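J.: Let me give you the structure first, and then I'll get to my questions.
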Amino acid sequence: MNKFKLMLAISPIAVISTSIVSISCKKVEQTKKPQKQVTTPEKDPQNDAGSSNTGGNGQNTNKIKQPSKTHTIQSEPNLRSKDPKFAEIAEKQNQGLILVEGFEGNVLEILKTNKLFFAFSKRGIVYAPEKPKGKDGWAAAKLIFRLRDQGKFNYANQSMKQGDKKTNDLIDFKINDNELTIYYKVTKYKGKNKPPYVSENVYTSVFKLEKNPNGIETHQDDFPVDQDPNNDQGTTSISNVENNPKHEKSSKIVAKSINEAKQVEYTNSNFYASLEGKSGQELIDALFEIQKAHRNKTGGYDQLHTTYRDSFVDKYYENDGSVLDIYTEIPNGNDKYNFEFGKYSDTGNREGLGMNREHLVAQSWFKKAAPMKNDAHHVWPSDKQVNALHGNLPFGEVKNGKIISSNGTKLGAGVEDGEQVVEPNDEFKGDIARAFLYFALTYKDKSIRHNRSAQRFFDSGNKINKNFLKTMLKWHYLDPISQFDLDRNNGIYKHQKNRNPFIDYPELVDVVFNGNTSYVFTNKGLAKTLIF
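Once you know that position 264 of the sequence shown is 267 in the numbering used here, the rest is easy, because the numbers rise by one and skip nothing.
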């Protein structure tokens, strides 16, 4: 393989552990009011206006940062007798709010003159001087916190009780020297003129105050995994694979895959918990919300070199700790070129002289915009010269062309539309396809069609064009998930806090891209190891 040998000793690839710190939750007595309410009038649970929750320390100009604490679960016995599924959701709503990605402004300054309200249509908390009125008023109110989880539930004022017919959507908060705490109950709409289900417990989201000239941080470092308290941190579970959809694997693939595996080991995690029990479009929508919530912590462009040390190490072919490059790795033979980790040369005009960062989805497709530019799920270490030959072309199947790398990578007219495409070695076709499918889902709301090549691959709605989708699905089936996929996904997650769901749950490919509406999601955690 084209190996960029480690200059330093490489430790084993970090596999996702649910011992990663999760967020804290404070249990609040139902009848206990915050000790430092910004204003203190009694609240009428029948009155939508409620009490004012504005104000704060006028001298404090700190920014807020999500704290790293323990995510606890509170019990809702009465709700469990009425609606067990909703009760399970409600019990997990401590630390249920997340500062919206890319939010600009000083939160404490905003809260001096504004109140917080739960906005059903925006699935989060908005701020405004007074309760918004009418459709236009709610539309104009600015979102400041979004819900961590998606589902059929809402937040309401902490004073609400079971039996109250009128929802109080004012959300209380308090600010002290160290923290901003937001208080709410969890409700479920039961229909017009029917009282909603209301949690007994008051739940909180707590944010630390931080003097930070760079503004408000977006939270993801502190939300890596929501650990299920019923599982010990770092514990794993085993899942049989007999029921997984199987397609015939290409006889050219060298690495063992999930098709040959007897079981898959999963790290227990609630990362995908919001997908539980969903199917069809509801599942697709919820999956996109997960991807959207975790896509903005890719880090800087230079961070990729560090990420590669945990995600592109050859432990599968030569097993020598070198960088695994999809263009020069020869799966069933000796590699012609060897490169050292850390030596990223931009000199030379032939294969084997240097390595750089290869955007499988070319930067010109999205005008080098972040976070796409820095996302290691599709920006891989590769031979510099082959990367240059790939240019901004899409990947596809070459019907007439030439070989451009030592492992048989091809360039030429494609079967998809007759124009130029790049076709990789069979060993990595599935890996590349899953990277493109990840990109198509994760960034479907972004501007990703800025040149002719991009417009060949994506249609005007950012969906993969039919012929290219056919190729991507074919590659996904012929080159199934291998241990390299799992290790790459976990290594990237260590640095970016986001995942490729089509590696953890390859059956989701058929749901999102092939119209499977019968599949019902069951959360098994994060895929760690194939067991043969």
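Quick reminder that beta carbons are idealized off the backbone N, C-alpha and C, glycines included.
For clarity, every value in this text was computed on a predicted model and none was experimentally measured.
Using 8 Å as the threshold, is the region 456-474 in touch with the region 409-422, meaning 3 or more CB pairs across them?
T.: Yes, since at least three Cβ pairs between the region 456-474 and the region 409-422 fall closer than 8 Å, the two stretches touch.
J.: What residue range is occupied by the uninterrupted alpha helix (DSSP H) comprising H250?
T.: Here H250 belongs to no alpha helix (DSSP H), and DSSP marks it neither H nor E.
J.: To the nearest angstrom, report how far apart K138 and S124 are at their CA atoms.
T.: Taking the straight line from one Cα to the other gives about 10 Å.
J.: V103 to Y275, Cα distance in whole Å?
T.: So the two alpha carbons sit approximately 19 Å from each other.
J.: Does K470 come out as helix, strand or coil in the three-state DSSP assignment?
T.: The residue you asked about is not Lys; residue 470 is Asn in the sequence shown. Residue state, collapsed to three classes: helix.
J.: Alpha carbon to alpha carbon, how far is S260 from R3? Give it in angstroms, no decimals.
T.: There is no way to answer for residue 3, as the model of the chain reaches only from 4 to 535.
J.: Quick one: Cα of F439 to Cα of K145, how far?
T.: If I take the Cα positions, the gap works out to 33 Å.
J.: Can you give the Cα-Cα distance for E426 and N341, rounded to whole angstroms?
T.: Distance between the alpha carbons of E426 and N341 is about 22 Å.
J.: How many Å lie between D317 and L327 at the Cα?
T.: D317 and L327: Cα-Cα distance of roughly 5 Å.
J.: Quick check on the DSSP output: what are the complete beta strand (DSSP E) runs of length 3 or more inside the region 88-146, in order along the chain?
T.: For the region 88-146, whole beta strand (DSSP E) runs of length 3 or above, ordered along the chain, are 100-102, 118-122, 127-131.
J.: Identify, in the order they occur along the chain, each residue of the same chain with its Cβ nearer than 7 Å to the Cβ of N410, setting aside the five sequence neighbours on each side.
T.: Excluding residues within five positions, the ones whose Cβ falls inside 7 Å are Y330, T331, E332, I333, N428.
J.: Which residue comes first and which comes last in the beta strand (DSSP E) that contains K169?
T.: First-last for K169: undefined, no H or E at that position.
J.: By a C-beta neighbour count over all protein chains shown, 10 Å radius and 16 as the cutoff for buried, is S314 buried or exposed?
T.: Looking at its Cβ environment, which holds 16 or more other Cβ atoms inside 10 Å, S314 is buried.
J.: Which ranges would you report for the beta strand (DSSP E) in the region 182-214 if only whole runs of at least 3 residues count?
T.: Runs of the beta strand (DSSP E) inside the region 182-214: 182-191, 206-213.
J.: Note the first and the last residue of the continuous beta strand (DSSP E) segment covering H362.
T.: Where H362 is concerned, the enclosing beta strand (DSSP E) stretches over 358-362.
J.: Roughly how many angstroms lie between the CA atoms of Q69 and L414, to the nearest whole one?
T.: Reliability fails at Q69, whose pLDDT of 45 lies under 50, so the model's placement of it is uncertain and no value is given.
J.: For L392, tell me which candidate among I406, N204, Y496 has the shortest Cα-Cα distance.
T.: It is I406 whose Cα lies nearest to the Cα of L392.
J.: Can you look up I435 in the DSSP assignment and give me helix, strand or coil?
T.: I435: helix per DSSP, three-state reduction.
J.: Less than 8 Å between the beta carbons of L114 and I174, yes or no?
T.: Not in contact: L114 and I174 (Cβ atoms no closer than 8 Å).
J.: Within the same chain, show all residues whose beta-carbon is closer than 7 Å to that of K376, passing over the 5 residues directly before and after it, in chain order.
T.: The answer, listed in chain order, is Y304, Q366.
J.: DSSP on G417, reduced to helix/strand/coil?
T.: G417 falls in the strand class under three-state DSSP.
J.: From L476 to Y446, what does the alpha carbon distance come to, in whole angstroms?
T.: Approximately 19 Å between the Cα atoms of the pair.
J.: Apply the 10 Å Cβ neighbour rule to N335 and answer buried if 16 or more other Cβ atoms are within range, or exposed otherwise.
T.: N335 comes out exposed.
J.: Can you list, in chain order, the residues of its chain whose CB lies under 6 Å from that of A258, leaving out five sequence neighbours each side?
T.: Closer than 6 Å at Cβ, skipping near neighbours: Y319, S485.
J.: Which class does A258 belong to by DSSP, given the choice of helix, strand or coil?
T.: If DSSP states are grouped into helix, strand and coil, A258 belongs with coil.
J.: Looking at C-alpha atoms only, which residue of K191, D462, F148 is the closest neighbour of K87?
T.: Inspection of the sequence shows that residue 87 is occupied by Pro rather than by Lys. Ranking K191, D462, F148 by Cα distance to P87 puts K191 first.
J.: Which ranges does the beta strand (DSSP E) cover as unbroken runs of at least 3 residues, wholly within the region 378-424, from first to last along the chain?
T.: Listed in chain order, they are 382-386, 401-406, 413-417.
J.: Taking the CB atoms as reference points, tell me whether F408 and E354 lie closer together than 8 Å.
T.: Here residue 408 is Ser; the residue named in the question, Phe, does not match the sequence. Going by C-beta atoms, S408 is nearer than 8 Å to E354.
J.: Could you please give the first and the last residue of the uninterrupted alpha helix (DSSP H) stretch that includes A457?
T.: That run of the alpha helix (DSSP H) goes 455-460.
J.: Take E203 as the anchor and find which of K195, L183, K164 has the nearest alpha-carbon.
T.: Closest by alpha carbon: K164.
J.: How would you write the range of the beta strand (DSSP E) that Y158 sits in, first residue to last?
T.: Taken as a continuous stretch (DSSP letters only), the beta strand (DSSP E) holding Y158 covers 157-159.
J.: Within 10 angstroms of the Cβ of N160, are there 16 or more other Cβ atoms? Answer buried if so, exposed if not.
T.: It is buried - the Cβ of N160 has at least 16 other Cβ atoms within 10 Å.
J.: Tell me, to the nearest whole angstrom, how far the beta carbon of F535 is from that of E251; I am working on the premise that it is less than 8 Å.
T.: In fact, because the Cβ distance is near 19 Å, the residues do not count as touching under 8 Å.
J.: Over the uninterrupted alpha helix (DSSP H) stretch that includes T331, give me the two end residues.
T.: It is not in any alpha helix (DSSP H) - T331 carries neither H nor E in the DSSP assignment.
J.: Starting from A296, trace the alpha helix (DSSP H) both ways and give me its first and last residue.
T.: Note, A296: alpha helix (DSSP H), 283-296.
J.: Could you tell me the distance, in whole angstroms, from the CA atom of K265 to the CA atom of T532?
T.: K265 and T532: Cα-Cα distance of roughly 11 Å.
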